[in-house]
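J.: Line by line, the protein sequences are chains A and B. For the first sequence, this note's numbering assigns the number 1 to the initial residue and increments by one for each residue that follows. For the second sequence, this note's numbering assigns the number 1 to the initial residue and increments by one for each residue that follows. Quick one: structure below, then a few questions.
2 protein chains.
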Amino acid sequence: MSQPDTKQRILCAAEHFFARDGYHPTSLRSITTEAKVNLAAVNYHFGSKESLLEAVIERRLNPLNEIRLGQLEALLEKTERAGETPMCREVLRTFVEPTLCLRLHGSDSEDFVALIGRILAEPRGVAMTIFMNHMEPLMNRLFQALALSLPEWSRQTLFWRVHFAFGSLSHIMRCHERHSIVPDDVNIDVPVDDLVDIFLDFATAGMEATQ
Amino acid sequence: MSQPDTKQRILCAAEHFFARDGYHPTSLRSITTEAKVNLAAVNYHFGSKESLLEAVIERRLNPLNEIRLGQLEALLEKTERAGETPMCREVLRTFVEPTLCLRLHGSDSEDFVALIGRILAEPRGVAMTIFMNHMEPLMNRLFQALALSLPEWSRQTLFWRVHFAFGSLSHIMRCHERHSIVPDDVNIDVPVDDLVDIFLDFATAGMEATQ
DNA sequence: GTCTATACGATGATAGAC
DNA sequence: GTCTATCATCGTATAGAC
Numbered sequence: 001m002s003q004p005d006t007k008q009r010i011l012c013a014a015e016h017f018f019a020r021d022g023y024h025p026t027s028l029r030s031i032t033t034e035a036k037v038n039l040a041a042v043n044y045h046f047g048s049k050e051s052l053l054e055a056v057i058e059r060r061l062n063p064l065n066e067i068r069l070g071q072l073e074a075l076l077e078k079t080e081r082a083g084e085t086p087m088c089r090e091v092l093r094t095f096v097e098p099t100l101c102l103r104l105h106g107s108d109s110e111d112f113v114a115l116i117g118r119i120l121a122e123p124r125g126v127a128m129t130i131f132m133n134h135m136e137p138l139m140n141r142l143f144q145a146l147a148l149s150l151p152e153w154s155r156q157t158l159f160w161r162v163h164f165a166f167g168s169l170s171h172i173m174r175c176h177e178r179h180s181i182v183p184d185d186v187n188i189d190v191p192v193d194d195l196v197d198i199f200l201d202f203a204t205a206g207m208e209a210t211q
Numbered sequence: 001m002s003q004p005d006t007k008q009r010i011l012c013a014a015e016h017f018f019a020r021d022g023y024h025p026t027s028l029r030s031i032t033t034e035a036k037v038n039l040a041a042v043n044y045h046f047g048s049k050e051s052l053l054e055a056v057i058e059r060r061l062n063p064l065n066e067i068r069l070g071q072l073e074a075l076l077e078k079t080e081r082a083g084e085t086p087m088c089r090e091v092l093r094t095f096v097e098p099t100l101c102l103r104l105h106g107s108d109s110e111d112f113v114a115l116i117g118r119i120l121a122e123p124r125g126v127a128m129t130i131f132m133n134h135m136e137p138l139m140n141r142l143f144q145a146l147a148l149s150l151p152e153w154s155r156q157t158l159f160w161r162v163h164f165a166f167g168s169l170s171h172i173m174r175c176h177e178r179h180s181i182v183p184d185d186v187n188i189d190v191p192v193d194d195l196v197d198i199f200l201d202f203a204t205a206g207m208e209a210t211q
């Protein structure tokens with residue numbers, strides 16, 4: 001092939017525009033111009049704009065979920081060997097830390113974090129189905145682990161709290177830039193490690209709350 | 001005018017489609033067909049698709065914010081008269097309860113809740129600026145009240161926790177319908193009053209969490 | 001197999017007739 | 001105030017060059 005990286009260039013340009021402007025407002029023409037390829041190359045390589053979005057998601061999500069699942073299984077194995085139950089905070093950390101670490105400079109996945117945040121906000125969007133299919137095994141395992149660490153709560157209560165925690169997480173995934181009302185004396189440029197802890201303080205307390 | 005309720009019919013149809021499908025995927029043609037008006041009527045009455053969205057938002061948001069601000073001021077006045085500091089849970093309730101109550105059947109604002117949830121997920125969207133302008137006074141007052149009820153936390157910590165709580169709330173505002181992974185034995189059709197309490201359990205504990 | 005040029009129907013928007 | 005005509009741009013499809 002004369003342009004061996006045509007697909008990759010399209011994927012990168014698409015990821016960038018989808019994350020910055022959203023899926024619908026982004027035109028294939030802006031993507032192909034940025035990637036320096038012909039307009040029809042998208043449909044040739046990916047079939048449609050929708051399938052291009054799917055490819056953009058899968059390229060990053062599969063490796064990320066392998067890391068998250070690996071850390072979760074490692075935690076569960078470690079605590080089981082010690083005859084303990086895993087701590088809620090540590091269970092959440094296996095999910096949150098690999099996610100927010102993608103925002104580190106040079107991770108080349110900064111755009112992806114924002115993109116996923118946006119996808120999670122479009123209930124009936126095409127991407128949601130794709131996304132959820134890839135998340136289901138990890139979500140089920142995470143729910144199991146949380147039930148282990150919080151045996152006093154019903155599955156109903158647990159479900160809603162996981163739902164809330166994910167809402168919080170997806171919210172900060174979207175919000176790199178200042179778009180909400182920020183008081184003057186508050187600095188929102190927090191190092192990723194600190195943000196993980198600030199989030200885990202909040203989410204762990206919410207998960208463990210007495211009714 | 002020969003069609004006195006042309007504007008209202010357009011507003012209702014737009015609210016419905018914007019909430020269900022999102023702003024960009026909705027065509028003016030589908031709105032005008034549903035509202036039984038001519039295509040150009042939108043641009044005549046509202047100027048553009050974007051200004052139509054603005055009108056849709058303002059029609060519901062202004063009354064809602066008056067209710068929320070009224071309840072918050074009433075709470076602050078009551079506790080001050082008693083020489084007490086307001087409880088974090090009650091401060092959050094003045095914001096959350098009026099919001100989720102719009103999902104009650106017959107409130108005629110069910111679509112609006114989902115619409116706001118979607119707007120909050122589009123950081124650079126046109127609607128975000130409109131929305132935030134209308135929210136700023138209430139947000140500042142809410143932040144003040146939370147600082148009163150949680151004097152031990154820095155404004156930095158407080159800011160992030162408010163941010164997380166809003167993320168959780170906007171998440172459930174979007175998610176009427178089942179789109180996430182729901183275990184078989186969990187019932188997501190919870191009465192609004194119960195949902196308010198389930199949410200306040202989580203969010204209050206998160207706000208009050210020790211670091 | 002890859003890629004390009006081109007065309008088609010639908011969209012948001014606007015100008016001008018009535 | 002309302003409607004028709006019109007425009008640039010959108011996603012998509014296809015024929016054909018290399």
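The beta carbon of each residue, even a glycine, is placed where N, CA and C say it ideally should be.
Taking the alpha carbon of F202/B as the reference point, which residue from K78/B, C88/B, R29/B and L52/B has its own alpha carbon closest?
T.: For the residues K78/B, C88/B, R29/B and L52/B, the minimum Cα distance to F202/B belongs to C88/B.
J.: Near V37/B, what residues of its chain come up, given a Cβ to Cβ distance below 8 Å and the 5 sequence neighbours on each side ignored?
T.: So the qualifying residues of the chain are Q3, T6, R9 and I10.
J.: So within the region 138-205 of chain A, which uninterrupted alpha helix (DSSP H) runs reach at least 4 residues, ignoring any that extend past its ends?
T.: Within the region 138-205 of chain A, the complete alpha helix (DSSP H) runs of at least 4 residues are 155-174.
J.: Please confirm whether F166/B has its beta-carbon closer than 9 Å to some beta-carbon of chain A.
T.: At least one chain A Cβ lies under 9 Å of F166/B.
J.: Is there contact between the region 20-34 of chain B and the region 116-130 of chain A, where contact requires at least three CB pairs shorter than 8 Å?
T.: The region 20-34 of chain B vs the region 116-130 of chain A: in contact.
J.: Of the choices A14/B, E34/B, A147/B and L75/B, whose alpha-carbon is the least far from that of S51/B?
T.: That would be A14/B, whose Cα lies nearest to the Cα of S51/B.
J.: Confirm, please, whether the CB-CB distance from L138/A to M173/A is below 9 Å.
T.: No, the pair does not count as a contact, with Cβ atoms beyond the cut-off.
J.: Under 9 Å, do Q211/B and N187/A count as touching if we go by C-beta distance?
T.: No, they are not a contact pair.
J.: Taking Cβ-Cβ distances shorter than 8 Å, what residues in chain A pair up with H16/B?
T.: Going along chain A, no residue has its Cβ under 8 Å from H16/B, so there is no contact; the nearest lies around 13 Å.
J.: Taking only beta-carbon positions, decide if M87/A is within less than 9 Å of chain B.
T.: M87/A does not count as touching chain B.
J.: Might you give, ordered along the chain, the residues of its own chain that have their beta carbon closer than 7 Å to the beta carbon of R103/A, omitting 5 neighbours on each side?
T.: Only E110, V113 and V192 meet the Cβ criterion.
J.: Run through DSSP, which three-state label would H105/B get?
T.: Correct three-state label for H105/B: coil.
J.: Starting from the beta carbon of E122/B, find every residue of chain A whose beta carbon is closer than 8 Å, and list them in chain order.
T.: Within chain A, the residues near E122/B are G22, R118 and A121.
J.: Is A121/A helix, strand or coil by DSSP?
T.: Here A121/A sits in coil by DSSP.
J.: Can you tell me whether H105/B is buried or exposed, with buried defined as 16 or more other CB within 10 angstroms of its CB?
T.: Result: exposed.
J.: Tell me which same chain residues have a C-beta within less than 8 Å of the C-beta of A205/B, skipping the five on either side of it?
T.: Same-chain partners within the cutoff: there are none.
J.: Taking Q144/B as the reference, give the member of V42/B, L75/B and A41/B with the closest Cα.
T.: For the residues V42/B, L75/B and A41/B, the minimum Cα distance to Q144/B belongs to L75/B.
J.: Evaluate P98/A with the Cβ neighbour count: other Cβ atoms within 10 Å of its Cβ, from every protein chain shown; 16 or more gives buried, anything less gives exposed.
T.: Result: buried.
J.: So for S27/B, helix, strand or coil by DSSP?
T.: If DSSP states are grouped into helix, strand and coil, S27/B belongs with coil.
J.: Taking the straight line between their C-alpha atoms, what separation do you get for P86/A and D197/B?
T.: Each residue's alpha carbon lies about 27 Å from the other.
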